[in-house]
Amino acid sequence: MSVSLSEAIAENGLERSGRQTFKVNEQCYSVDFNENSKVTSVNFITESVKKNNDFLFITANRTPTCPEFLDELNSKAVLKLHDEKLSKIYSGKKLHKDYDALCFSGGGAKGVSYAGVVQVLGTERLKTIKETSGASAGSLIATAIACGMTHQQVSDWILAEELQFNEASIEAAAISVISTPLQKHVHEIANILCECDYPLLDENESEIPKEKIDGNSLKFLTFRQLDILKSHQAKPDDSALDAIYLKRLVIVATMNKNVETELSARKTPDLPIYLAVKASCTSPIGMRSVEIDSKYFGSGQYGSDSSNTRRASLTDGGLTNNTPHSYLQGQNTLAIAFDSAQELQNRDLNIVEKSVQKIFGSELFKSEMFDIAAAKNNPKITLCFISPSIGTFDFKKAIKDFFFIKWQVADQFIKNEEVLSYANRFQLLSDERSINERFSDETLKSTVTPYLKKKSEFINQEQNSKRADQRRRYENILDLRSPSSSQNTETAPSAKHSVTPYTRRKQGFVSATPKLIPEIELALAPDIVMMVTPL
17 MSVSLSEAIA
27 ENGLERSGRQ
37 TFKVNEQCYS
47 VDFNENSKVT
57 SVNFITESVK
67 KNNDFLFITA
77 NRTPTCPEFL
87 DELNSKAVLK
97 LHDEKLSKIY
107 SGKKLHKDYD
117 ALCFSGGGAK
127 GVSYAGVVQV
137 LGTERLKTIK
147 ETSGASAGSL
157 IATAIACGMT
167 HQQVSDWILA
177 EELQFNEASI
187 EAAAISVIST
197 PLQKHVHEIA
207 NILCECDYPL
217 LDENESEIPK
227 EKIDGNSLKF
237 LTFRQLDILK
247 SHQAKPDDSA
257 LDAIYLKRLV
267 IVATMNKNVE
277 TELSARKTPD
287 LPIYLAVKAS
297 CTSPIGMRSV
307 EIDSKYFGSG
317 QYGSDSSNTR
327 RASLTDGGLT
337 NNTPHSYLQG
347 QNTLAIAFDS
357 AQELQNRDLN
367 IVEKSVQKIF
377 GSELFKSEMF
387 DIAAAKNNPK
397 ITLCFISPSI
407 GTFDFKKAIK
417 DFFFIKWQVA
427 DQFIKNEEVL
437 SYANRFQLLS
447 DERSINERFS
457 DETLKSTVTP
467 YLKKKSEFIN
477 QEQNSKRADQ
487 RRRYENILDL
497 RSPSSSQNTE
507 TAPSAKHSVT
517 PYTRRKQGFV
527 SATPKLIPEI
537 ELALAPDIVM
547 MVTPL
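Our numbering applies: residue 17 is where the sequence shown begins, and numbers increase by one.
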């Protein structure tokens, strides 16, 4: 019985690299693959060019032309089968280490490439994750993992969703990223939440009747409810919900254009998660900000005038913290960022970047410099940079070339982990005393609050034209053991709810001249700095 060409290719398998030779029925082909496993050219060749046993033989119901064969080799059906093969290979690898927390940076269409990182982590390592955080596009993937998506579900969800740069697409994605992994457990979820007096609600905040519970009932799932479900999994019972692994979730958005805002079970327990994701993914240009009722926030946390303000205006979390690792409490955090963030560490802002900051009304590039520097100098964080071959706003290419982008980043992540695994042999010989001294302030070890206070202090520091004065000022701010460093800086009223040591440090960095970046690096640098670069 004859089979289709795609089925025949899948059955035989192929190595998607370099130049390969095929024999389909009686016709011979030369096929070239690029570095991302995409077929770039197909040509007829004579059998005499290669020995017979060098060909991959395929018997199909038709003999294709060269363009037809190229399209078939790059078809989604064939690519998906190859992707499944790669997943099995990755699952058998013993890579760097297990992580207990994941942080995903924002990056627009680049966010689809996170599927490659998740694929390499695989089912077993995703089980060890206890918490996730994300900003902008990273908040979608962070939510997917927090709600129990497997690596295969993440890829299927991205392909099915076909994200676009508009409000409707973002809202639909924010809803489906929650319902996709949880909807088959919706009745059990509803029962658990009812028992805890936090039932599933509809758009009118009314309890959904038991007979009307379906997959759509999860739209307004809150941070608190996710936390309840996660806690329920810790109980020794035979719950079907135990088949998925829920995580603590933190999403960062930007309030009133420039205030970094944590959205989580700790800060906004009754806020629907989809609204948090939508807000964090909403661009300040071309999209309306997401208006959130002040009742979801604690006292004084939603604006400068809490007596009159009824709604908080939230937008892209990447404007104030594109890599929100500071909200995670894990001992082995994996923070994934894009190579553009790494590049900023080694140069001053160019005129285009300065113009973008003015348009957005936020010091987003300087803010990212600080967060990346803080991550790479924290021994509890593994910072990995990836470099997908796609632009921030190229959403069409993100779907069209999804598998190639995914495999490209998967390969980068594997190489980075191999480098880290080798480097860690030497890290074990480092002076533990110096690490303890650098992080001697116990409050800086655990919570986001002191982190944000330092960030606020850093950003609000006054400009000073003299280099020596600037250096002394930074040394005072960066001295984590100095109790005075967090007491003398006046903070903007609208940001009071998020004023932490980390915030003060960051704000001081943002307001300072870019010329001082090397000095900041020296002040932050540990005895041994290990930074993984794209390979």
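Using N, Cα and C, we set each Cβ at its ideal position, and we do this for glycine too.
* Assigned exposure category for residue 347 - 16 Cβ within 10 Å defines buried -> By one-based count along the sequence shown, residue 347 stands at place 331. Counting Cβ neighbours within 10 Å, residue 347 comes out exposed, since fewer than 16 surround it.
* Which whole-angstrom value describes the C-beta separation of residue 354 and residue 121, a residue pair presumed to lie in contact below a C-beta threshold of 8 Å? -> Within the sequence shown, numbered from 1, the residue matching residue 354 stands at position 338. Within the sequence shown, numbered from 1, the residue matching residue 121 stands at position 105. Indeed they touch by this definition, with Cβ atoms about 6 Å apart.
* Asked: Applying the criterion that 16 or more other CB atoms from any shown protein chain within 10 Å of the CB defines a buried residue, is residue 326 buried or exposed?
  -> By 1-based counting over the sequence shown, the position of residue 326 is 310. Residue environment: residue 326 is assigned as exposed (fewer than 16 neighbouring CB atoms within 10 Å of its CB, all protein chains considered).
* Burial state of residue 404, where buried means 16 or more other Cβ atoms lie within 10 Å -> For the purposes of this step, residue 404 is taken as residue 388 along the sequence shown, with counting starting at 1. Of the other Cβ atoms in all chains shown, 16 or more fall within 10 Å of the Cβ of residue 404; this residue is therefore buried.
* Asked: Measuring CB to CB, does residue 191 end up less than 7 Å from residue 235?
  -> Taking the first residue of the sequence shown as 1, we reach residue 191 at position 175. Taking the first residue of the sequence shown as 1, we reach residue 235 at position 219. In contact: residue 191 and residue 235 (Cβ atoms closer than 7 Å).
* By Cβ distance below 8 Å, which residues in the same chain neighbour residue 240 in space, the five residues on each side in sequence not counted? -> The count along the sequence shown starts at 1 and reaches residue 240 at position 224. Answer for residue 240: 214, 281, 285, 286, listed in chain order.
* **Any alpha helix (DSSP H) of 4 or more consecutive residues that is wholly inside the stretch 66–145** => Those alpha helix (DSSP H) runs which fall completely within the stretch 66–145 and span 4+ residues are 82–89, 92–107, 130–143.
* To do: Would you mind giving the Cβ-Cβ distance between residue 335 and residue 300, rounded to the nearest angstrom? I have them listed as a contact below 8 Å.
  => Along the sequence shown, one-based indexing puts residue 335 at 319. Along the sequence shown, one-based indexing puts residue 300 at 284. Confirmed, about 7 Å.
* Report the three-state DSSP secondary structure of residue 56 (helix, strand or coil). => Reading the sequence shown from its first residue, position 40 is the one you call residue 56. If DSSP states are grouped into helix, strand and coil, residue 56 belongs with the strands.
* Rounded Cβ spacing between residue 149 and residue 288 (contact assumed at less than 8 Å) -> Taking the sequence shown and counting its residues from 1, the one referred to as residue 149 is at position 133. Taking the sequence shown and counting its residues from 1, the one referred to as residue 288 is at position 272. Taking 8 Å as the upper bound for CB-CB distance, residue 149 and residue 288 are not in contact here, some 18 Å apart.
* **Endpoints, the beta strand (DSSP E) within which residue 327 is located** => Taking the sequence shown and counting its residues from 1, one reaches residue 327 at position 311. In this chain, the beta strand (DSSP E) harbouring residue 327 covers 327–331.
* To do: Measure the C-alpha to C-alpha separation of residue 34 and residue 79 and round it to an integer number of angstroms.
  => If you number the sequence shown from 1, residue 34 lands on position 18. If you number the sequence shown from 1, residue 79 lands on position 63. The C-alpha of residue 34 lies about 23 Å from the C-alpha of residue 79.
* Asked: When we look at the beta-carbon of residue 52 and count the other beta-carbons within 10 Å, is it buried (16 or more) or exposed?
  -> Within the sequence shown, numbered from 1, the residue matching residue 52 stands at position 36. Residue burial annotation: residue 52 is buried, with at least 16 other C-beta atoms found within 10 angstroms of its C-beta.
* **Local conformation of residue 37 per DSSP, three classes** => Here residue 37 corresponds to residue number 21 of the sequence shown, with the count starting at 1. DSSP places residue 37 in strand when its eight states are reduced to three.
* **Spatial neighbours of residue 458 in its chain, beta-carbon cut-off 8 Å, leaving aside the 5 residues before and after** => Locating residue 458 in the sequence shown gives position 442, counting from the first residue. Because the pLDDT of residue 458 is 44, which lies under 50, any placement of that residue in the model is unreliable, and the number read from its coordinates should be weighed accordingly. The answer is none, since no qualifying residue turns up.
* Asked: Distance, Cα to Cα, residue 498 vs residue 267?
  -> As a first step, residue 498 is located in the sequence shown; it is residue number 482 there, counting from the start. As a first step, residue 267 is located in the sequence shown; it is residue number 251 there, counting from the start. Here the model assigns residue 498 a pLDDT of 39, short of 50, so the residue's position is not dependable, and the following value carries that caveat. Spanning the two alpha carbons is a distance of roughly 30 Å.
* **Span of the alpha helix (DSSP H), counted from its first residue to its last, around residue 334** => Indexing the sequence shown from 1 puts residue 334 at position 318. It is not in any alpha helix (DSSP H) - residue 334 carries neither H nor E in the DSSP assignment.
* **Cα-Cα separation, residue 523 to residue 328** => If you number the sequence shown from 1, residue 523 lands on position 507. If you number the sequence shown from 1, residue 328 lands on position 312. In this structure, the CA atom of residue 523 is about 22 Å from the CA atom of residue 328.
* Continuous alpha helix (DSSP H) stretch holding residue 163: start and end -> Taking the sequence shown and counting its residues from 1, one reaches residue 163 at position 147. Looking at the DSSP string, residue 163 is not in any alpha helix (DSSP H), and its letter there is neither H nor E.
* Are the Cβ atoms of residue 419 and residue 172 separated by less than 7 Å? -> Looking up residue 419 in the sequence shown gives position 403. Looking up residue 172 in the sequence shown gives position 156. Contact flag unset, no.
* Answer with buried or exposed for residue 231, where buried requires no fewer than 16 other C-beta atoms within 10 angstroms of its C-beta. => On the sequence shown, position 215 is the one that residue 231 refers to. Exposed, since its Cβ has fewer than 16 Cβ neighbours within 10 Å.
* DSSP-derived helix/strand/coil call for residue 418 -> Here the question's residue 418 lines up with position 402 in the sequence shown. The answer is helix: DSSP assigns residue 418 an H, G or I state.
* Whose C-beta lies closer than 6 Å to the C-beta of residue 50 among residues of the same chain, with five residues either side of it excluded? -> One-based indexing of the sequence shown puts residue 50 at position 34. Non-local C-beta neighbours of residue 50 in its own chain, meaning closer than 6 Å and more than five positions away in sequence, comprise 56, ordered along the chain.
* Could you give the distance in angstroms between the alpha-carbon of residue 14 and the alpha-carbon of residue 42? -> Lying outside 17 to 551, the shown extent of the chain, residue 14 is not represented and no answer is given.
* Asked: Which residue or residues does DSSP assign as beta-bridge partners of residue 288?
  -> Counting from 1 along the sequence shown, the entry for residue 288 is found at position 272. DSSP, once it has assigned bridges, lists 238 as partnering residue 288.
* Look at the alpha carbon of residue 246 and the alpha carbon of residue 426, and state the distance between them as a whole number of angstroms. => Counting from 1 along the sequence shown, the entry for residue 246 is found at position 230. Counting from 1 along the sequence shown, the entry for residue 426 is found at position 410. Cα to Cα, residue 246 sits roughly 29 Å from residue 426.
* Below 7 Å between beta carbons: does that hold for residue 216 and residue 195? -> Within the sequence shown, numbered from 1, the residue matching residue 216 stands at position 200. Within the sequence shown, numbered from 1, the residue matching residue 195 stands at position 179. By the CB criterion at 7 Å, residue 216 and residue 195 fall outside the cutoff.
* Asked: At what residues does the alpha helix (DSSP H) containing residue 172 begin and finish?
  -> Residue numbering aside, residue 172 sits at position 156 when the sequence shown is read from its first letter. From DSSP, the alpha helix (DSSP H) with residue 172 extends over 167–177.
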